[in-house]
Amino acid sequence: MDLIRISKAQLAYGTHPLLDNADAVIESGERVCIVGRNGAGKSTLLKVLDGQVILDDGEINQVGSLKISRLEQDPPKGASGTVFDYVAQGMPEIANLLIDFHHVSTQLQTDCTDQLLNKLERLSNKLEAADGWRFDSRIQLVLTQLELTPDAKLESLSGGWLRKVALARALVSEPDLLLLDEPTNHLDMTSVMWLEQFLKEFKGGIVFISHDRAFIRAVATRILDLDRGKLISYPGDYATYLEQKAHDLKVEETQNALFDKRLAEEEAWIRQGVKARRTRNEGRVRELKQLRNERKQRVEQVGKTDFNIETADRSGKLVFEAKHLNHAFKDKVIADDFSTLVMRGDRIGLVGPNGIGKTTLLKLLFGDLKADSGEIKQGVNLEFAYFDQYREKLDEEATVQDNVAEGKQEVMMGGRSRHVLGYLQDFLFPPARARTPVKALSGGEKNRLLLAKLFLKPSNILVLDEPTNDLDIETLELLEDIINQYQGTVLIVSHDREFIDNTCSSVWAFEGNGKVTDIVGGYSDYEAYTNYLAEQHKELQKQPVKKVEKTEPTPVKSNNKANKLSYKLKLELEQLPNKMEQLEAELEKQQERVSHEDFFKQDSDITAKELNHLAQLESDLEAAFERWEELEELKNQ
């Protein structure tokens, strides 16, 4: 069933057409991803679907009383109250009941009065009658999965957390059509994968914008390509779209080349001398005028970003060495006996939940923070270039060119002087856009500007903290190529699984309580490793546990009432520490084997055997420790 139909849509901002005679249909049950360059008008198209932006011309028709919920690209401004209140307002038909019940429940925790209890009972009955518990459960589920605290005040939250609150509100509302603008921004990988499953189970229609290619592959059932004002539908998955889009662009280039050749021939004919003018065909002249008009109206393909990183002299071979690093912030452990060695040329991806301490650990390594204990050694000749996820290095009031050139007309790149406007065009900022204030830019444009500023700084260590947010996919892929050509060391904090896979040679996985696991390979290698371990653990859980037969000491008549260990048990107790040390050493070697970069390139039978051995060693060590505790307790009775 069609939910919304757009016909011959026209929309322009100034002289820039966003929609040019565009057509599209959104159907119930499908999940449509809108793709296109930054500034193409993707977010504006969502606003058109939501009725927030009116077309200059054309029609938009929707079925009946269509319920639409939209997540905007920017976090909500001026919102107040608690997280629960704001999210519940996504369901206006029952919001007041849910909010009142939640407030009274919270009050009862500190002030349990008969009046409040009676009020709670009345609200409970009303919720029961309105099927409100289903909505309450939905809110609690979404808040939990997005790691949101129900009673947190909106005024105290950062932009990233506010955006998660807005996402929660959009998800709980159960609309007919869900519009999501970059829903994975500020979500950790666990939350992203939960969101993927949530959207797959959603019964209505979904239209979303995303730069996360793994997310698009997992969720989208159709791609809607917005290119130079035209909307082209590509049924099927993202891989099919990429193949068909490349083919379409090639066909367009061929057709344009043939058209230009014909136009050039006709122009040469019309410019011929007096003899040609006496005999020229008036119909041919009219056709030439039509060709000229068509060529004038052609919208060329948008240019590609073209940038390079300014590199400094090579750093020393050793970049960082950390030994037995310990650090905590308030109650949260950031590093617990963390040791690592970072060498020149390493490409490391830092992955883990939001707020777990990835950025803090980097600051410890850089010397910006002092660790509670442990040793950090930095190499020589280190030159940092730091991409900040919060864009703190941009002056919102200054123009684009002043942010890059600091009021000058020239910038230095590769030892040569370049005009700042020419340099910015490499990052798709035309001169008019380069003279606008930063506060007028979209999120993707701000990220491109930050890259333009960053890449002018000579460096041999590139630190990228959430660099993929708001970048269009083409720029993202070019950034991957640049990183892979970079001669220095790269440290990347990102929740983009495909970006980590395409740029990193090892992963630091933050697993909580200061534990950081170092895995050779990208995120897929880490995921494969953890999945193998989880499967092996399940298999071991299914197997019957071998019970250790307890040898009871032979009763001996004695005036001493305390139980004594037999000679056999004493001998077993004495030997257990050595046995545990041997198991620990063997376990450490086995862990190194399965963490090797070529481990998963082996035949699956070999890897399964090695992982089984790893799981068995872990089980044997645990059993030995339990037996040692048992004998120690018996000895001390």
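Here the sequence shown stands for residues 1 to 637, numbered as in the UniProt record's numbering. We put the beta carbon where it would ideally sit given N, CA and C, even for glycine.
1) For residue 401, is the classification buried or exposed, using 16 other Cβ atoms within 10 angstroms of its Cβ as the cut-off for buried?
2) So, at 7 Å on beta carbons, what are the nonlocal neighbours of residue 152 in its own chain, with the 5 sequence-adjacent residues on each side left out?
3) Helix or strand or just coil, what does DSSP make of residue 271?
4) Given that a residue counts as buried once 16 or more other Cβ atoms are within 10 Å of its Cβ, and exposed if not, what is residue 577?
5) Taking all protein chains shown into account, decide if residue 247 is buried (16 or more other Cβ within 10 angstroms of its Cβ) or exposed.
6) Just confirm the distance between the C-beta atoms of residue 31 and residue 219, as a whole number of angstroms; I'd bet it's less than 8 Å.
7) Output the boundary residues of the alpha helix (DSSP H) element that contains residue 94.
8) Could you tell me how far apart the beta carbons of residue 492 and residue 523 are, in whole angstroms, since I believe they sit closer than 8 Å?
9) Which complete alpha helix (DSSP H) runs does the region 394-477 hold, if anything under 4 residues is left out?
10) Taking only the alpha-carbon atoms, compute the straight-line gap between residue 215 and residue 178 and give it to the nearest angstrom.
11) By how many angstroms is the C-alpha of residue 350 removed from the C-alpha of residue 94?
12) Give the single residue among 569, 514, 487, 604 whose Cα lies nearest to the Cα of residue 532.
13) Looking at the structure shown, is residue 10 part of a helix, part of a strand, or coil, going by DSSP?
14) With three or more C-beta pairs closer than 8 Å as the rule, is the region 322-336 touching the region 367-374?
15) Between residue 598 and the rest of its own chain, which residues show a CB-CB distance below 6 Å, the 5 nearest in sequence each way excluded?
16) Say whether the region 180-196 touches the region 107-114, bearing in mind that this needs 3 or more beta-carbon pairs closer than 8 Å, one atom from each stretch.
17) Helix, strand or coil for residue 210? Go by DSSP, reduced to three states.
18) For residue 26, which of helix, strand or coil comes out of DSSP?
19) Assuming residue 139 is part of the alpha helix (DSSP H), what are its boundary residues?
20) May I have the straight-line CA-CA distance separating residue 170 from residue 108, to the nearest angstrom?
21) Which of helix, strand or coil does DSSP assign to residue 388?
22) Specify, as a first and last residue, the run of the beta strand (DSSP E) that residue 31 falls within.
23) Using CA atoms only, rank isn't needed, just tell me which of 482, 39, 463, 422 is closest to residue 360.
24) For residue 185, count the other beta carbons within 10 Å of its own beta carbon; 16 or more makes it buried, fewer makes it exposed. Which is it?
25) Straight-line CA distance for residue 556 to residue 627?
26) Within the continuous alpha helix (DSSP H) that includes residue 309, where are the two ends?
27) Quick one: what's got a C-beta closer than 7 Å to residue 418's C-beta in the same chain, skipping five residues either side?
28) Taking the alpha helix (DSSP H) that residue 500 falls in, what are its first and last residues?
29) Could you check if residue 340 is buried or exposed, using at least 16 other CB atoms within 10 Å of its CB as the buried criterion?
30) For the beta strand (DSSP E) containing residue 376, list its first residue and its last residue.
31) At the level of alpha carbons, what is the spacing between residue 510 and residue 516?
32) How big is the Cα-Cα spacing for residue 100 and residue 140?
33) My output table needs one value for residue 329: the three-state DSSP class, helix, strand or coil.
34) Over the uninterrupted beta strand (DSSP E) stretch that includes residue 317, give me the two end residues.
35) Give the range of the beta strand (DSSP E) segment to which residue 511 is assigned.
36) Can you have a look at residue 559 and say buried or exposed, based on whether 16 or more other CB atoms are within 10 angstroms of its CB?
From the atom records:
1) buried
2) Cβ neighbours of residue 152 within its own chain (closer than 7 Å, five residues either side excluded): 82, 83.
3) coil
4) exposed
5) Burial call: exposed.
6) Indeed they touch by this definition, with Cβ atoms about 5 Å apart.
7) Where residue 94 is concerned, there is no enclosing alpha helix (DSSP H), given that its DSSP letter is neither H nor E.
8) That pair is no contact at about 11 Å.
9) 400-405, 420-425, 431-434, 443-454
10) 16 Å
11) 42 Å
12) 604
13) In the structure shown, residue 10 sits in a strand (DSSP, three-state: E or B).
14) yes
15) none
16) no
17) coil
18) strand
19) 132-145
20) 29 Å
21) coil
22) 31-35
23) Its Cα nearest to that of residue 360, the residue 463 stands out among 482, 39, 463, 422.
24) buried
25) A caution first: residue 556 carries a pLDDT of 36, below 50, which makes its placement in the model unreliable, though a value can still be read off. The alpha-carbon atoms of residue 556 and residue 627 are separated by roughly 24 Å.
26) No alpha helix (DSSP H) contains residue 309, which DSSP labels as neither H nor E.
27) 410, 411
28) 497-503
29) Answer is buried; the Cβ neighbour count reaches 16.
30) 373-378
31) 5 Å
32) 15 Å
33) strand
34) From DSSP, residue 317 is part of no beta strand (DSSP E); its letter is neither H nor E.
35) 506-512
36) Residue placement at residue 559 cannot be trusted, given a pLDDT of 36 that sits under 50; the coordinates are not used to answer.
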